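Following: one structure in structure tokens, then a few remarks.
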Amino acid sequence: MSQSGRPAVLGGQPVQPAGPPPWPAADPEVARVLQQMAADGSWGRYHGEFVPALTSQLQQFLDCEHLLLCSSGTAAVELALRGMGVGADDEVILADYDFRGNAGDILALGAVPVLVDVLPGTVAIDCALVELAISPATRAILVSHLHGSVADMPRLRELADRHSLPILEDACQMPGATVYGRQAGLWGDAGVWSFGGSKLLSAGRGGLVYSSDAAIIQRARLYNQRGNEASPLSELQAAVLLPQLARLAERNGLRSSRAGTLRGLLQEVDGLSLLPKADSGCEPGWYKTGIWYEPEAFGGLSRNQFAAAMRAEGFALDPGFTPLHRQISRRRCRLAGSLEQAERAGNQLLVLHHPVLLESADQLQLFVQAAERIRQWSAEILRNE
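For the sequence shown, the numbering used here begins at 21 and goes up steadily by one.
Written out as structure tokens, the structure reads:
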């Protein structure tokens with residue numbers, strides 16, 4: 021092994037010296053509107069033209085009349101649950117592998133998260149286990165689409181209707197995605213997006229609740245009114261989201277193409293593989309692309325060690341979520357059966373941040389090159405830990 025080939029974590033030259041691509045990406049239209057608002061003072065107004073314009077554009081984009089802009093994706097989940105009537109001592113079923121904030125919102129309402137496992141090899145909630153977890157206290161089902169994997173929404177919709185339960189569909193990672201022929205979020209009684217700083221549509225912070233049921237949005241809106249909006253989206257945030265929304269379909273298409281390229285490349289890389297390809301009629305979003313990691317294929321390097329070595333090479337690769345049952349007191353949640361698959365995901369899943377998927381396919385070749393370099397030097401990396 022030559023010194024010039026040493027991985028960056030051992031002092032070598034990174035494969036990608038410039039590091040991960042920045043996000044949000046430079047956008048002349050965003051820059052123009054920010055300069056305009058700075059000049060005319062509209063950036064500081066409570067009310068103006070941009071929030072109504074964004075509302076109108078989102079209604080057209082989603083083909084959904086009833087929606088509420090708010091301060092974050094986490095706020096959107098809470099408002100949606102309140103709009104569904106979830107309250108103290110109710111149960112809300114969700115996957116054990118999910119974003120911590122979703123369980124936090126349930127707990128904030130005085131309700132109980134009921135944790136069920138995901139399907140083997142994926143991070144999609146297991147519909148059969150959802151049905152088994154339903155109890156007289158169940159008030160709603162919360163389902164997230166994560167890491168390029170989508171839940172079986174037709175099956176979930178059927179069982180939810182049979183049990184007269186509403187579904188909150190978390191599409192924070194997948195704005196503009198298609199799930200079994202519908203926009204992500206529209207299988208549910210309500211859907212949510214996030215406009216957080218790292219998201220596919222970024223305003224630093226921000227969120228959206230949308231629903232075909234006017235009553236859900238009305239209840240959420242009434243809760244949000246405290247003499248003024250308690251969790252508003254600002255004019256400044258709306259202004260920078262408008263040009264990004266106009267490019268969302270184009271960028272989603274490019275990310276999808278690059279994800280397909282990465283899937284093909286990883287088929288030749290022992291120990292790394294993308295989550296299974298989504299079914300026909302689905303076009304996922306690619307915010308944090310899920311990659312299974314097998315430590316035995318990399319000389320026993322742990323997932324976290326491998327991720328750190330890849331970050332040193334210039335790639336935004338991180339561990340996935342920690343399962344919720346490891347983060348919440350057993351006194352505050354209900355575990356509905358074995359959580360073996362979620363535990364596996366919590367131990368072995370990596371996530372690749374999306375900006376690289378808007379770059380040339382050559383960047384993905386470099387990703388594979390970096391992984392193979394780390395494999396070659398894995399024994400020395402372990403010795404230097």
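All C-beta atoms in this analysis are idealised placements derived from N, C-alpha and C, irrespective of residue type, glycine included. Remember, it's a predicted structure, so these values are computed and weren't measured experimentally.
Do residue i and residue j have their CB atoms nearer than 8 Å?
i: residue 301; j: residue 200; result: yes
i: residue 172; j: residue 144; result: yes
i: residue 354; j: residue 212; result: no
i: residue 374; j: residue 231; result: no
i: residue 186; j: residue 104; result: yes
i: residue 318; j: residue 395; result: yes
i: residue 305; j: residue 372; result: no
i: residue 325; j: residue 236; result: no
i: residue 102; j: residue 243; result: yes
i: residue 108; j: residue 130; result: yes
i: residue 282; j: residue 294; result: yes
i: residue 381; j: residue 278; result: yes
i: residue 38; j: residue 226; result: no
i: residue 229; j: residue 88; result: yes
i: residue 343; j: residue 141; result: no
i: residue 246; j: residue 378; result: no
i: residue 397; j: residue 120; result: no
i: residue 192; j: residue 214; result: yes
i: residue 137; j: residue 322; result: no
i: residue 150; j: residue 176; result: yes
What residue range is occupied by the uninterrupted alpha helix (DSSP H) comprising residue i?
i: residue 344; result: Careful: residue 344 lies outside any alpha helix (DSSP H) and carries neither H nor E.
i: residue 261; result: 255-286
i: residue 467; result: Outside the displayed span of the chain (21 to 405) sits residue 467, for which this structure offers no information.
i: residue 76; result: 70-82
i: residue 164; result: Here residue 164 belongs to no alpha helix (DSSP H); instead the beta strand (DSSP E) covers 158-164.
i: residue 394; result: 382-396
i: residue 94; result: 93-103
i: residue 126; result: 120-128
i: residue 26; result: Element bounds for residue 26: n/a, residue is neither H nor E.
i: residue 13; result: One cannot answer for residue 13 here, as it falls past the ends of the chain, which runs 21 to 405.
i: residue 148; result: 147-153
i: residue 50; result: 48-60
For residue i, which of the options has the nearest alpha-carbon?
i: residue 116; options: 387, 89, 360, 391; result: 360
i: residue 315; options: 278, 367, 234; result: 367
i: residue 135; options: 128, 242, 122, 142; result: 122
i: residue 196; options: 373, 274, 114; result: 274
i: residue 383; options: 35, 56, 26; result: 35
i: residue 216; options: 93, 26, 73; result: 93
i: residue 80; options: 106, 55, 203, 54; result: 203
i: residue 386; options: 357, 336, 342, 356; result: 336
i: residue 208; options: 376, 127, 84, 363; result: 84
i: residue 363; options: 179, 33, 341; result: 341
i: residue 248; options: 398, 90, 260, 139; result: 90
i: residue 178; options: 148, 168, 218, 194; result: 148
i: residue 206; options: 223, 183, 233, 218; result: 233
i: residue 189; options: 223, 250, 127, 112; result: 112
i: residue 194; options: 376, 250, 276; result: 276
i: residue 118; options: 76, 169, 74; result: 169
Compute the minimum distance between the beta carbon of residue i and the heavy atoms of the ligand COA, and state whether it is under 7 Å.
i: residue 80; result: No copy of the ligand COA appears in this structure; indeed no ligand is present at all.
Output the boundary residues of the beta strand (DSSP E) element that contains residue i.
i: residue 189; result: 187-190
i: residue 90; result: 86-90
i: residue 135; result: 132-136
i: residue 294; result: 292-294
i: residue 66; result: Element bounds for residue 66: n/a, residue is neither H nor E.
i: residue 312; result: 308-313
Let me know the beta strand (DSSP E) ranges lying completely inside the segment 193-245, each 3 residues or longer, listed in chain order.
-> 210-214, 227-231
Would you be able to state if there are at least three C-beta pairs under 8 Å between the segment 303-320 and the segment 247-261?
-> no
Can we say the segment 31-49 touches the segment 338-347, given the rule of at least three CB pairs closer than 8 Å?
-> no
Sequence ranges, alpha helix (DSSP H) only - wholly within the segment 324-368, length at least 4 | 360-368
Touch check for the segment 97-106 and the segment 156-163: three-plus C-beta pairs under 8 Å?
-> yes
Counting Cβ pairs, one atom from each stretch, are 3 or more of them under 8 Å apart for the segment 60-72 and the segment 365-381?
-> Output reads no: the segment 365-381 does not touch the segment 60-72.
Can you find at least 3 beta carbon pairs, one from the segment 381-397 and one from the segment 317-334, that sit closer than 8 Å?
-> yes
Between the segment 263-280 and the segment 45-58, are three or more C-beta pairs nearer than 8 Å?
-> yes
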